[in-house]
Amino acid sequence: MAADILIYTVLAVLAGMIIIPFVIGLVRGPEVGRPQPDPAGDASLRPLGRLTGIYLRFLALYGFAAVVSIATGPRGRVCAPTWIAAAGPRAEVGGTRPGAVLQFTGDLQACARHPSAAEWILHAFMRVPGPLALATVLLITWQLVREARQHGPFTARGVKLMWRLGVAVLIGAAAAGAVSRLSSDLMLQLLMTNPPQTGAGIAIDALVSGAAKALLPIPALAGVALLSFARISRAGLALDEEVKATV
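Quick note on the working numbering: the sequence shown kicks off at 78 and runs consecutively.
Following this line, the structure appears as structure tokens:
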């Protein structure tokens, strides 16, 4: 108990160190007398840069908390949601295989009491794709903000980064949702005698319930908007080059 309190206190302090300076800087704005970067590049993407910075810090904090939780918490059980409401009768969801148990925590989960190596791997594939996709999007966004600060918002490399960001949002959301759902369905195959999805239904569930639901509506709209803005910016750069050539 004392160790848990100490860990949570350290995490709270780290979170405060991340949030408080961000809020103070957001309220104060640029400091008077401090050299400012090129306003054409920095001012246009300053809100995006600030938000990207705080998300990167929170992602690092999340990773630290996950490592601490794995190192200090109970490691004898992994679970997969059955996607069936806990209110449903047990007979409708079937039984569990030896070494597994059904757990009711809002949604019905199937858990392995003593996970095998395969179950630990599937558990990792259930948890890792989402944060990994978010980290990819944040890193590309950070590159885009840095490019805008150094060379302005309208450059050939900035257009490429914007296009990559749109692709990362679309593919990352779809892939993370599909892999996580596929891993969950495969985990249920190992834990339940009558899992919700079997055979070809696993692939369909991963594509429809995983990839499609992860894309709609915001990731799909954001990704397509970024691709559209990248095409508009590319056309504007080409037009600017033609104007410079004629002059």
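Ideal Cβ positions, reconstructed from N, Cα and C, are used throughout, including at glycine.
In terms of DSSP beta bridges, what is residue i paired with?
| i | result |
| --- | --- |
| Met239 | BP columns for Met239 are empty, so no partner. |
| Met269 | Thr173 |
| Ala189 | Val155 and Ala177 |
Please state the DSSP three-state secondary structure of residue i.
| i | result |
| --- | --- |
| Thr159 | strand |
| Val320 | helix |
| Phe231 | coil |
| Val205 | coil |
| Thr173 | strand |
| Gln220 | helix |
| Leu293 | coil |
| Gln274 | coil |
Can we count residue i as close to the ligand COA, meaning its CB is less than 6 Å from some heavy atom?
| i | result |
| --- | --- |
| Ala299 | With respect to small molecules bound, the structure shown includes none, and the ligand COA cannot be examined in it. |
Whole angstroms is fine: what's the gap from residue i's alpha carbon to residue j's?
| i | j | result |
| --- | --- | --- |
| Ala143 | Phe135 | 12 Å |
| Arg311 | Gln266 | 48 Å |
| Arg123 | His228 | 14 Å |
| Met269 | Ala225 | 52 Å |
| Met239 | Leu221 | 7 Å |
| Thr323 | Pro206 | 49 Å |
| Pro208 | Gly276 | 28 Å |
| Val244 | Pro272 | 34 Å |
| Ser121 | Ala253 | 31 Å |
| Ala189 | Leu211 | 28 Å |
| Ala283 | Gly140 | 26 Å |
| Ile309 | Gly126 | 22 Å |
| Ala157 | Ala194 | 15 Å |
| Ala289 | Arg154 | 30 Å |
| Leu133 | Val285 | 30 Å |
| Gly118 | Glu319 | Unreliable positioning characterises Gly118 in this predicted model, as indicated by a pLDDT of 47, which lies under 50. A coordinate reading is not provided. |
| Gln274 | Leu138 | 35 Å |
| Arg223 | Gly176 | 51 Å |
Since residue i contacts residue j with CB under 8 Å, what's their CB separation in whole angstroms?
| i | j | result |
| --- | --- | --- |
| Ala187 | Val236 | Rounded, the Cβ-Cβ distance is 47 Å, inconsistent with contact. |
| Leu247 | Gly300 | 4 Å |
| Thr159 | Trp219 | 38 Å between Cβ atoms; not a contact. |
| Arg241 | Ile217 | 5 Å |
| Leu185 | Leu263 | In fact, because the Cβ distance is near 18 Å, the residues do not count as touching under 8 Å. |
| Ala233 | Leu292 | Incorrect: roughly 29 Å between the Cβ atoms, too far for contact. |
| Phe231 | Gly313 | 7 Å |
| Met203 | Ser260 | 5 Å |
How would you label residue i, buried or exposed, when you count the other beta carbons within 10 angstroms and need 16 or more for buried?
| i | result |
| --- | --- |
| Gly287 | buried |
| Pro192 | buried |
| Gly172 | exposed |
| Leu316 | exposed |
| Val178 | exposed |
| Ser305 | exposed |
| Glu196 | buried |
| Gly249 | buried |
| Pro296 | buried |
| Arg174 | exposed |
| Leu298 | exposed |
| Ala255 | buried |
Indicate whether at least one CB of chain B lies closer than 7 Å to the CB of residue i.
| i | result |
| --- | --- |
| Val246 | Among the chains in the structure shown there is no chain B, since it carries only a single protein chain. |
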